[in-house]
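Residue numbers (the working numbering): 2 to 583.
All residues carry an ideal CB built from backbone N, CA and C; glycine is no exception.
Okay, structure first, notes after.
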């Protein structure tokens, strides 16, 4: 290959294609095509990342190694990979991080330095960090996009001088973002960089170069998703990203709020934060190139969803510890219950009376209810804890019965913050005061009157049956006929009423049916005569699992019309034999 007349050497930070253009201009060629021809550059590689720098070095009388620092291909015997200066770009050029066909420059820098810096080979390079101006991407005279195939560094194909172009000032955030990209390109990581525009400079400076430029392009494209014209114009992406990242994290939250409004129109039934922001989440946080280094974007996205968005359910798996942060604004009912140790009946009561403010998200079967902690009156921490045994002893009822009363909601629990199975002194006292405040209305004979404490010592079938008795007392179904102590256990009840109540409960649970024993107690008949009463059609019997049962309706009808002789004798204080004589 013949040597060129003028054989300049490249600058350490010079653009490869800018260097080819400078070589062509120095030798008086009209365009770089003459350089390609002399160097015998294979067709298709003239403006490709695989540009053969060794061929260019040959016509410059230089060693190939002198041009490899500015080449786009990394020399490797194992596999193909790409770079710019000393920064690796990976084994592919996905998302087109390099500007190969068109040109954008800062005419002021090119005029001052005499060459085009490699910074302008990046598609994200749209403003000059030195002169704080927007890069020149089109001729100021013919308005055509700048081509790499032009007569000189500062001359358009139409002959116009690019040095005389008026350059628009760059926005502060964009200029600072470009300064960060420029610093990372040259492997300068200034931890003391202070952003006057409020960019998250430490996080950006800590990213690898390849991840940084792809994140800038990716975030900008997401901002342009709903603007088709803007989406096609990739040069707008870095400016969008700079705006989003400025005043961190407030502008990021505003962007997410606007984007969420657009995306939710596509998925109005989506309940989860990830599904509502599906395209954005996948593009930004599932990208294998930069998502691992964009953790600050993901963390702030989750915080936005949890504290500000208020339109999505956020699964605890989003948080590294699996626990919802303490400063979260919106939580599910389950999360609030666990955090503040609130029982379900208590929570339902607090929602009903407006103590907890709820917000409904989603539509249809997948809808969720969130609780807005900012607008809710949260339960206070109580230091007056008592054990279950202490609470039960104060009320004079068994521990098992007390716990069952709490489960059923008869034992009222104020909204406390603490362990879910704790008892609090104020709740115990409130329950005791409710009990001794019940009116005494019963008039049971002394023989039939027993205190609740005595009834609790009887061998009833279960703690549930004992809890049913106390619940009925507070509901007014069983009347109080006396009080011998100012406790729940000190209330005196008519055992006849208690037996009748338990009998009716069992009947309801058996499908409004009595067993023969229960029917005898309900009617006063002897158990041996009940089958005769059924045959006489005084009672209605049904076979249940080959066992005779008596219907509740027929027993009620029998009791309205008939009185058992024994019951009548007891009422008249005489005997059945005397009544038979009469």
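By how many angstroms is the C-alpha of residue j removed from the C-alpha of residue i?
i, j, result
"residue 134", "residue 278", "34 Å"
"residue 11", "residue 249", "40 Å"
"residue 244", "residue 200", "9 Å"
"residue 435", "residue 394", "17 Å"
"residue 5", "residue 216", "42 Å"
"residue 396", "residue 312", "46 Å"
"residue 361", "residue 369", "6 Å"
"residue 540", "residue 534", "6 Å"
"residue 398", "residue 490", "6 Å"
"residue 544", "residue 550", "6 Å"
"residue 38", "residue 69", "20 Å"
"residue 162", "residue 117", "16 Å"
"residue 74", "residue 87", "11 Å"
"residue 387", "residue 428", "10 Å"
"residue 563", "residue 426", "51 Å"
"residue 296", "residue 196", "20 Å"
"residue 487", "residue 309", "51 Å"
"residue 159", "residue 141", "11 Å"
"residue 441", "residue 477", "11 Å"
"residue 179", "residue 34", "32 Å"
"residue 406", "residue 412", "5 Å"
Confirm, please, whether the CB-CB distance from residue j to residue i is below 7 Å.
i, j, result
"residue 85", "residue 119", "yes"
"residue 281", "residue 223", "yes"
"residue 155", "residue 111", "yes"
"residue 347", "residue 414", "yes"
"residue 401", "residue 464", "yes"
"residue 449", "residue 500", "no"
"residue 91", "residue 212", "no"
"residue 208", "residue 267", "no"
"residue 618", "residue 114", "Absent from the model: residue 618. The displayed extent of the chain is 2 to 583, so no value can be given."
"residue 82", "residue 147", "no"
"residue 21", "residue 36", "yes"
"residue 9", "residue 25", "no"
"residue 31", "residue 130", "no"
"residue 165", "residue 198", "no"
"residue 220", "residue 181", "no"
"residue 136", "residue 144", "no"
"residue 565", "residue 503", "no"
Quick check on DSSP: helix, strand or coil for residue i?
i, result
"residue 505", "helix"
"residue 278", "coil"
"residue 88", "strand"
"residue 137", "strand"
"residue 267", "helix"
"residue 538", "coil"
"residue 232", "Note that residue 232 scores a pLDDT of 46, beneath 50, so its modelled location is shaky; the value from the coordinates is reported in the next line. Residue 232 falls in the helix class under three-state DSSP."
"residue 520", "helix"
"residue 152", "coil"
"residue 386", "strand"
"residue 42", "coil"
"residue 359", "strand"
Give the range of the beta strand (DSSP E) segment to which residue i is assigned.
i, result
"residue 552", "548–552"
"residue 343", "Unbroken run through residue 343: none, as it is neither H nor E."
"residue 483", "481–484"
"residue 369", "369–373"
"residue 452", "450–452"
"residue 332", "331–333"
Could you check if residue i belongs to the surroundings of the ligand FAD, using beta carbon to heavy atom distance under 6 Å?
i, result
"residue 569", "Here there are no bound small molecules, and the ligand FAD is not part of this structure."
Which first and last residues belong to the alpha helix (DSSP H) in which residue i is found?
i, result
"residue 542", "Note, residue 542: premise wrong, no alpha helix (DSSP H); beta strand (DSSP E) at 542–545."
"residue 405", "400–409"
"residue 117", "Careful: residue 117 lies outside any alpha helix (DSSP H) and carries neither H nor E."
"residue 297", "296–305"
"residue 467", "464–476"
"residue 428", "426–437"
"residue 493", "Careful: residue 493 lies outside any alpha helix (DSSP H), inside the beta strand (DSSP E) at 492–495."
"residue 71", "Element bounds for residue 71: n/a, residue is neither H nor E."
"residue 1", "Given that the chain is displayed from residue 2 to residue 583, the structure contains no residue 1 and the question cannot be resolved."
"residue 183", "173–186"
"residue 203", "202–206"
Could you give the C-beta distance for residue i and residue j, rounded to a whole number, given that I count them as a contact under 8 Å?
i, j, result
"residue 239", "residue 125", "5 Å"
"residue 521", "residue 528", "4 Å"
"residue 409", "residue 466", "In fact, because the Cβ distance is near 13 Å, the residues do not count as touching under 8 Å."
"residue 474", "residue 493", "The Cβ separation is near 11 Å, so there is no contact."
"residue 67", "residue 58", "6 Å"
"residue 553", "residue 513", "4 Å"
"residue 106", "residue 17", "Residue 106 to residue 17, Cβ: 14 Å. No contact."
"residue 485", "residue 452", "6 Å"
"residue 14", "residue 187", "7 Å"
Within 7 Å of any Cβ in chain C, is that where the Cβ of residue i sits?
i, result
"residue 41", "You won't find chain C in this structure, because it holds only one protein chain."
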